[in-house]
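**Student:**
8 protein chains.
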Amino acid sequence: MTSHPTAKPSTLPTGGGAALMDPADTLVLLLDHQSGLFQTVKDIPVADLRRNVAMIARLCTLLDIPVITTASEPSGTNGPLMPEIHELAPHAVYVARKGEVNAWDNADFVAQVESTGRRTLVMAGVWTSVCVMFPALDARVAGYDVYAVIDASGDPSELVSRTSLARFVQGGVKPTSTNALLSELHRTWARPEAADLAQLYGLVAPNYAAVMESYQRAQQAARQSS
Amino acid sequence: MTSHPTAKPSTLPTGGGAALMDPADTLVLLLDHQSGLFQTVKDIPVADLRRNVAMIARLCTLLDIPVITTASEPSGTNGPLMPEIHELAPHAVYVARKGEVNAWDNADFVAQVESTGRRTLVMAGVWTSVCVMFPALDARVAGYDVYAVIDASGDPSELVSRTSLARFVQGGVKPTSTNALLSELHRTWARPEAADLAQLYGLVAPNYAAVMESYQRAQQAARQSS
Amino acid sequence: MTSHPTAKPSTLPTGGGAALMDPADTLVLLLDHQSGLFQTVKDIPVADLRRNVAMIARLCTLLDIPVITTASEPSGTNGPLMPEIHELAPHAVYVARKGEVNAWDNADFVAQVESTGRRTLVMAGVWTSVCVMFPALDARVAGYDVYAVIDASGDPSELVSRTSLARFVQGGVKPTSTNALLSELHRTWARPEAADLAQLYGLVAPNYAAVMESYQRAQQAARQSS
Amino acid sequence: MTSHPTAKPSTLPTGGGAALMDPADTLVLLLDHQSGLFQTVKDIPVADLRRNVAMIARLCTLLDIPVITTASEPSGTNGPLMPEIHELAPHAVYVARKGEVNAWDNADFVAQVESTGRRTLVMAGVWTSVCVMFPALDARVAGYDVYAVIDASGDPSELVSRTSLARFVQGGVKPTSTNALLSELHRTWARPEAADLAQLYGLVAPNYAAVMESYQRAQQAARQSS
Amino acid sequence: MTSHPTAKPSTLPTGGGAALMDPADTLVLLLDHQSGLFQTVKDIPVADLRRNVAMIARLCTLLDIPVITTASEPSGTNGPLMPEIHELAPHAVYVARKGEVNAWDNADFVAQVESTGRRTLVMAGVWTSVCVMFPALDARVAGYDVYAVIDASGDPSELVSRTSLARFVQGGVKPTSTNALLSELHRTWARPEAADLAQLYGLVAPNYAAVMESYQRAQQAARQSS
Amino acid sequence: MTSHPTAKPSTLPTGGGAALMDPADTLVLLLDHQSGLFQTVKDIPVADLRRNVAMIARLCTLLDIPVITTASEPSGTNGPLMPEIHELAPHAVYVARKGEVNAWDNADFVAQVESTGRRTLVMAGVWTSVCVMFPALDARVAGYDVYAVIDASGDPSELVSRTSLARFVQGGVKPTSTNALLSELHRTWARPEAADLAQLYGLVAPNYAAVMESYQRAQQAARQSS
Amino acid sequence: MTSHPTAKPSTLPTGGGAALMDPADTLVLLLDHQSGLFQTVKDIPVADLRRNVAMIARLCTLLDIPVITTASEPSGTNGPLMPEIHELAPHAVYVARKGEVNAWDNADFVAQVESTGRRTLVMAGVWTSVCVMFPALDARVAGYDVYAVIDASGDPSELVSRTSLARFVQGGVKPTSTNALLSELHRTWARPEAADLAQLYGLVAPNYAAVMESYQRAQQAARQSS
Amino acid sequence: MTSHPTAKPSTLPTGGGAALMDPADTLVLLLDHQSGLFQTVKDIPVADLRRNVAMIARLCTLLDIPVITTASEPSGTNGPLMPEIHELAPHAVYVARKGEVNAWDNADFVAQVESTGRRTLVMAGVWTSVCVMFPALDARVAGYDVYAVIDASGDPSELVSRTSLARFVQGGVKPTSTNALLSELHRTWARPEAADLAQLYGLVAPNYAAVMESYQRAQQAARQSS
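Protein chains in written order, with the numbering used here: chain A, 1 to 226; chain B, 1001 to 1226; chain C, 2001 to 2226; chain D, 3001 to 3226; chain E, 4001 to 4226; chain F, 5001 to 5226; chain G, 6001 to 6226; chain H, 7001 to 7226.
1. List in chain order: all unbroken beta strand (DSSP E) runs of 3+ residues lying wholly within the stretch 137-191 of chain A.
2. Report yes or no: is there a C-beta of chain A within less than 8 Å of the C-beta of residue 1196 of chain B?
3. May I ask which residues mark the beginning and end of the alpha helix (DSSP H) holding residue 979 of chain B?
4. Taking Cβ-Cβ distances below 9 Å as the criterion, which residues of the stretch 2151-2175 of chain C are in contact with chain E?
5. Can you list, in chain order, the residues of its chain with a C-beta nearer than 6 Å to that of residue 168 of chain A? Leave out the 5 residues immediately preceding and following it.
6. Quick one: does residue 1219 of chain B have its CB under 8 Å from some CB of chain H?
7. Take residue 6044 of chain G and list the residues in its own chain whose beta-carbon comes closer than 7 Å to its own, dropping the five residues that flank it on each side.
8. Starting from residue 2212 of chain C, trace the alpha helix (DSSP H) in both directions and tell me its first and last residue.
9. For chain F, find out if any of its Cβ atoms is closer than 8 Å to the Cβ of residue 4186 of chain E; answer yes or no.
10. Taking Cβ to Cβ, would you say residue 6124 of chain G is nearer than 8 Å to residue 2215 of chain C?
11. Roughly how far, in whole angstroms, is the beta-carbon of residue 1186 of chain B from the beta-carbon of residue 101 of chain A, given that I think they are within contact range, below 8 Å?
12. Measuring straight from C-alpha to C-alpha, what distance separates residue 112 of chain A and residue 183 of chain A?
13. So if I threshold CB-CB distances at 7 Å, which residues from the stretch 2037-2057 of chain C count as touching chain B?
14. If you run the structure through DSSP and keep just helix, strand and coil, what is residue 5079 of chain F?
15. Check whether chain A comes within 8 Å of residue 7210 of chain H, counting only Cβ atoms and requiring the distance to be less than that.
16. How about the stretch 4023-4038 of chain E and the stretch 4131-4145 of chain E: do they share at least three Cβ pairs that are nearer than 8 Å?
17. Return the Cβ separation of residue 205 of chain A and residue 3040 of chain D in integer angstroms, given the expectation that the two are a contact with Cβ distance under 8 Å.
18. Do residue 3200 of chain D and residue 3050 of chain D count as a contact pair if the criterion is CB distance below 8 Å?
19. From the DSSP output, which residues share a beta bridge with residue 7034 of chain H?
20. In this structure, how does DSSP classify residue 4239 of chain E when only helix, strand and coil are distinguished?
21. Using the Cα positions of residue 1089 of chain B and residue 6091 of chain G, report the straight-line distance between them to the nearest angstrom.
22. Taking the Cβ atom as the reference point for each residue, do residue 1062 of chain B and residue 1158 of chain B lie within a distance shorter than 8 Å?
23. Closest to residue 7180 of chain H by C-alpha separation, out of G/6093, G/6135, G/6110, would be which residue?
24. Quick one: does residue 7115 of chain H have its CB under 8 Å from some CB of chain B?
25. Check whether the Cβ of residue 6214 of chain G lies closer than 8 Å to any Cβ atom in chain C.
26. Give me, in chain order, the residues of the same chain whose beta-carbon lies closer than 7 Å to that of residue 3036 of chain D; leave out the 5 immediate sequence neighbours on both sides.
27. Taking just the CA atoms, how far does residue 7067 of chain H sit from residue 6105 of chain G?
28. Quick one: what does DSSP say residue 1087 of chain B is sitting in, helix, strand or coil?
29. Determine the DSSP secondary structure at residue 7021 of chain H, reduced to helix, strand or coil.
30. Taking Cβ positions only, does residue 6020 of chain G come closer than 8 Å to chain E?
31. Starting from the beta carbon of residue 3190 of chain D, find every residue of chain E whose beta carbon is closer than 9 Å, and list them in chain order.
32. When we look at the beta-carbon of residue 6023 of chain G and count the other beta-carbons within 10 Å, is it buried (16 or more) or exposed?
Right, here's the structure in full:
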């Protein structure tokens, strides 16, 4: 059983957050982000999808959130996992499956999840309606608090995407987005990782990267003219 | 009373799936997929709708899932059922109605459903908001576990489509999609029907067919150059 | 207190419909369909909205469903009610308000509703988010079974429209559509009004009118060639 | 602790509104409407978003509804609050934060909310999925009745916007819109502020401003020709 | 050869219009507006398309513009012509074809056009890319001044629609719209048909019908209060 | 005949601009921007349309570009001109028409245009396809260089809007946009009106207003910290 | 040099068609419809694209129109040609390239085109902006009459698609669509291939297939009841 | 005057390309890609825009195509140039302007263009309608062959974007796209830069990157199993 990193001493504010996820109890599951499956995604551009997933990998590395990945038949037509995940989150643990479509059908996968002791599962994957939906519903039944990151996942049409969102809510899975996940784990700018976190906002919202560039130039201009 | 096929000995993994449909308890109801009604569908292109419905017919044949079909006034303006259903699912049982808009209002139809002994009903039809909604809500009241396959059904506008999705969830009907249905019945690649199932993915996600073509050519090229 | 028509002896099938509205208990409320407010509707083309509302008026006349209408400051900028409603549903009862935005805030309106003895309220109006939402939520609290006809109503943007749909569901109001209302009151083709009802389908789905025209010509051609 | 204005003696009708917000118990929270964050908003045009927020500021001033504002790192890249808020709602109270992303994590902010004694919180902000979602969920847990004004808020994509709406409903937060908020606080035209309120409708629905212009000209023409 | 009506003595202004069509030289050709073909139209809702075509029929009757209609295999699957055309333009001349897809391939049709002596041809039909395009290009080669009314015609996709527009311009055919045709033939409110023409604007722009309703009510209110 | 202002001594750079409009030869024609017609515009939100037109009025005042306005039956259902035009461009000359739909059919209008001696006409109006198209084509025939400002004009559908654009190009009218007009008259920041012009960019692109706010705050922050 | 089939004795009408393509002079070029490239197409769903291309293959076989195909690096990542082309058009001639992106850069390809003696080239391919554009522009310069079938081709975004359309027109290439190509080669129902051609219309417009099904059932019903 | 690199000895095929740009005569102009202006772009996501521009920078470096950049008031609110350009194209020459909106108004800029001796200008910038349009039209008048890369540029709305495209065509400027530019300079895979060029296709079409990943894995799998 692979060991997972321990979360840093919490820097979170203590006044609020009763309804928010606790980073120290959070485990991220990245499911079947594979090159063949990406071609079938139609509810988000594949460049945005990959950038969002890569951001999550960076975020987990930065904040020591454990990550488990898995793939469905990666030597077959589904294709390999996008390599950015393990490059950016070297601590991520990969679990091979034995043909199961639903990762929760694989005993090794469930055991790996259980080994972390964490009860808040953040899931993303392709397809949303299958590779996220099935383990999310199963984990919910198993008593976990489950989040589905809609825009770090992908579905084969807009109509399917709306359907998945409704089914998650019906099944007690909490739908969220990549930017919200970033902020929900971030929680405060008064922490040592603030500068690194700021860069991540430019990934979930590319216009924000331009905002930062403009800001720096404006300050530079102000200093030069003062 | 028509007899329905018995499901094959289960090849499903046993670890998970607590929240998923059990193929051995599942009955597919295809409701009023008629040529005249197709002209009024505006939330999905009719070619996609028919391909999805045809895929479900193939899937049910492949996995021995029983199917019941029905039509509303097929000699009238609503037009005949799309012929692909019974061509691809020759075991499907057709129930004639006596003018009822809601299939559940027809005693023969309900009796046919009951005769299967199955309690998980997967419904699709045109219109979603009527021909699926009415029997789905009624079956829910009657204690069945009911799924509505949104993209194997059709509604007369996007606005109506969003409305139907909300009403399903409110009424305890589980919204799903054709690709999710395929995967939820498929469950594992470690089964004898795997090759046939793979072909079906190319129908629910046409880009996947091209993925498979590319894969085969890439392997062929590798073998020729090795 | 104005008297309402009594419903015709029921022609409905008796086998199903447990989850559907009972026409004999149904009252339709058409709220603030006014020419000035129509200009602000952006989630449905105004021609479609008016055609849907006019269809409901015809339907209620055909099936003896009582109708109450009201308007918000019709001599002011909100403009007059669309005249088709009272032309097509001459039995509709108009209730004047005294400035209240929420029709349920007007005692005369509530009294008129109560006088019908009906407990299933079908509401449509402009704006959905206000003129339908407020009385719908209030009626729900007062114990009525409430339906909101989304596409016989209108909101000032798509974003508001989606928001209204969510708030209805949250508040226990059942969202529905004009075509579903037609079918839910129609219930069976084995009734004397069938030919008239068929015409109404051409209004909720204009392609269906062309389907009927093609059907008649095809039959005529068949008879001429036989 | 800053004092908040007392609501005017109620002019509301007494018959209905059981399900609606009580203006005398309502507090408006405007969260992080900052120029840098505006650039990342993709589910509503920024001109519409600002006009909606400015309308809320005017409305609160007109009806003596207390307002609390806050900003996230306004000297940094997130940028300053849009100046219209405090210009149009001079009674609004600004609470500085100490780096917390979630305003509810800031003790001063929560204390300021509590000091008003009001239990109905109307929230809007950028991003919807973060700056509104987190305090909304936390306030819900703390027992408040919470509304999220979807179109006076903004999210970085349509997909995220739909996700936020679903998560609000799941968490017991009531989604609403700027026009509905206006009408829900307005409640009746039989009040002294009617003329001023009428102007506000031209902001939430710009076509309505043209309706009013046409109306006045039509009346002027009628009087001149009579 | 059928006789065509003579245009009324011109009421047009004489100062401008050098670049506009001359009503006295204009002939309207309505091509293959058939119920079966309508089902394939995807660049405009069929209700809008029919309303536009019906408006043109009314307009031609009102202003004595000659009309020629034709249909492609109307006893076959293409279906009958929409009946509104000949109902609203009883002076329209119908030319039967002998199987030709392109009306200009039919000698009777061309002879009928020539018999009018008019050289400005306004064409509309289904499909735009075929039934309008082919005779439009042929007529252009034959020296006619040709207009294609894009929104009184229909194509099987948005992509095809944009393609047709480009091909028309490339071929020297002038693209126009139903509302522009109305105005271009209307030309001045200082004519006896003004009141009838005003009603037609409510058909090409349904919001305009509501504008007229509001106007009348505003004037009525002004007169009552004066 | 009303006198028009003389352009300021040119501050333009002399190196380029051979293909651009000459401000000293430019006349702006604002045609039928009326409240009743605004309700029928569907290719641009009415708030954006009015803001664009108001920007043009400000721009012409700032740079001393002459403006002529006109309206079609402003006491009738078409409604009054939007008042912002003459408020923001007090030098604009209004020409009344005598019922002509096409302003170029009105001799007074043409005379007013000719009186300015300018040969570059920039036109905007509602509808684009009629009130701009007809005088634009006529003026082109009369030898003027004509620009149509597409987004300071409005058409009753997207399909009509695309059609109008094609017809303008075919007729030799140059299509342009409000932001391009601003820049084409602006030409250089090295001019005394630069600060005022900067504000106008925030109107044609509302995000730019937020860019300016962020910039000022960033500089203020830099200066405070230096 | 491969021999091409001779066209059947013409069955075309002789009255019109001066502006239309001559089937006896037409050569169809299908360029780089490869599985890898299909994944990058975003202006048309890949299922529609393949169905359109397959229809063209059938059409050319049915009417003896010669076809040339080619592929760009089909053993590499671009992937193999879609197999339907050569299956449905066994007479198509495949020309291998030597790395050239532009088929017209390949001498064998140009020689093969020239060998047919035909001067009307109908091109389709992926990407439209490259694999169709480059040979189309080159062939135009070489004096051919060139058509680009927009919806049997594909581009990587809607924006690129609109750009390609404009560039074709500018370069003298005629844009057309699959349905128009079918009709332009079809020309008349009075030909022996009529029944086969009718089936092809169900491919270019899937709703038409349902129209035909309804028609047959309506006739069958008429005959049974007569 | 800065010296520009000499193009590599041509590796282009010689048979075709008469209508295509000659790399040895091509100069790329990147105009005002600034962080402040990016916030106003609404016809393409800013991430896509930047990725396209960065690809062009890489491409020019790889193929020794000279590049000139310029910016409009980069110390002001328009913000700095996106840094990727000069990072990826270190040979690019930056020309400062003196306030001119139109780069062609700046004598230094025109001199720099002329110094290259190249007559084929490929332009991209923000806004398309201004920063690309003005120099493009001016350069066209000056006799250059001018291309505008539509999706490496940006405009403030979809409507403006369509307008710009039409105006380019009207003015004799050739519209193109980033992917077409890549292919038009690429021309053949039989060149030493082929592997590097292949990577660039993954930037202009992100799905292509996944195609390449799948291809490599498929080949690896084939080799392992052989």
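Every residue, glycine too, gets a C-beta built ideally from N, C-alpha and C.
**Tutor:** Let me spell this out:
1. 145-149, 174-176
2. no
3. Residue 979 of chain B lies beyond the range of chain B shown here (1001 to 1226); nothing can be said about it.
4. none
5. 148, 175
6. yes
7. 6151, 6154
8. 2206-2225
9. yes
10. no
11. 6 Å
12. 26 Å
13. 2043, 2044
14. coil
15. yes
16. yes
17. 4 Å
18. no
19. H/7081
20. No statement about residue 4239 of chain E is possible, as the shown extent of chain E runs from 4001 to 4226 and does not include it.
21. 35 Å
22. no
23. G/6135
24. no
25. yes
26. 3077, 3078, 3079
27. 27 Å
28. helix
29. coil
30. yes
31. The premise fails here: residue 3190 of chain D is roughly 18 Å from chain E at the closest Cβ pair, so nothing lies under 9 Å.
32. buried
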